[in-house]
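Read through the structure below, which is laid out as structure tokens, and then see the notes.
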Amino acid sequence: MPEREQKKPQKKKKPILNGSLMSGEGISDIEVKKQKLSKKRAEQVEIVPKEREEIKKQIATGLT
């Protein structure tokens, strides 16, 4: 079969409605959850390598 006649694989389409919308949660509830997650991610990123090493030393010595 020539290359032209072969069908291209179709990409999976993402569902339009999220599961949380279908479960009955309001849009404001979803936005609150997204904000909380973004705050958690921001807190995780704030630790720099020097601070991480200091924290590891404190944990090893038991001075937390």
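Sequential numbering of the sequence shown, starting at 24, is according to our numbering. Cβ atoms here follow ideal geometry from the backbone N, Cα and C, with glycine treated the same way.
Check                                                                                  : Outcome
Alpha-carbon spacing of Q29 relative to K36, whole angstroms                           : 21 Å
Under the three-state DSSP convention, the category Q29 falls into                     : coil
Local conformation of G85 per DSSP, three classes                                      : coil
Buried or exposed by the 16-neighbour rule on C-beta atoms within 10 Å, applied to Q81 : exposed
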